[in-house]
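**Student:** Sharing a structure here in structure tokens format.
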Amino acid sequence: MSQNKGITVLLDTNMLLIMANGIPVLEQIEEKLLTKPRYIVIKPVYDELVRIADSEKPSISRRARLALEIVNRYCEIVDYAVNPGEKVDDAILRYASENNVVVATNDKELRRRLRSRGLPEIYLREESWRIDVEGVPSFY
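UniProt numbering puts the first residue of the sequence shown at 1, with every later residue one more than the last.
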């Protein structure tokens, strides 16, 4: 499967922590999209994982460290700032709008905000533990 420069998938903290639980998210994304997209993590998401890895209780700390390993192995870290008064999710939405990327998240509020702006999303259906895609044009 070759890498397609046309699709970029931005992974959020929530999805990376799901991946750290052993769910084969990247493989499922590639299966759904029929291509290997470029995977990115914006710096605020990476920093959030570092904070969780350093400060939380052992179980979540271990998952955050695994998520960081996944990022370092499979993703490009994009230098992108959270503006004053913004949260990380706001920066994700802004980046997605400005750069035409698909956001992979299981955060219900972020998903609602993505849909309200007509932005494509990838999420995990928890009843089946399978990835689903919404709003990604089929011509990719």
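We put the beta carbon where it would ideally sit given N, CA and C, even for glycine.
1) With a Cβ-Cβ cutoff of 7 Å, do residue 40 and residue 10 count as a contact?
2) Spatial neighbours of residue 109 within its chain, please: C-beta separation below 8 Å, excluding the five flanking residues on both sides.
3) How many angstroms separate the CA atom of residue 8 from the CA atom of residue 55?
4) Taking DSSP as the reference, what is the three-state secondary structure of residue 80?
5) Cα-Cα, which of 136, 104 and 80 is closest to residue 19?
6) Look at residue 141 and residue 52 and say whether their C-beta atoms are less than 7 Å apart.
7) Using 10 angstroms around the beta-carbon of residue 12, count the other beta-carbons present and answer buried if the total reaches 16, otherwise exposed.
8) Between which two residues does the alpha helix (DSSP H) containing residue 52 stretch?
9) Looking at the unbroken beta strand (DSSP E) that takes in residue 124, where does it start and where does it end?
10) Measuring only the C-alpha atoms, how far is residue 3 from residue 86?
**Tutor:** Working from what's here:
1) yes
2) 89
3) 30 Å
4) coil
5) 104
6) Examination of residue 141 is not possible in this model, given that the chain is present from 1 through 140 alone.
7) buried
8) 43-55
9) 121-125
10) Below a pLDDT of 50, predicted positions are generally treated as unreliable, and residue 3, at 45, falls in that range; the measurement from the model is reported next regardless. Those two C-alpha atoms are separated by around 33 Å.
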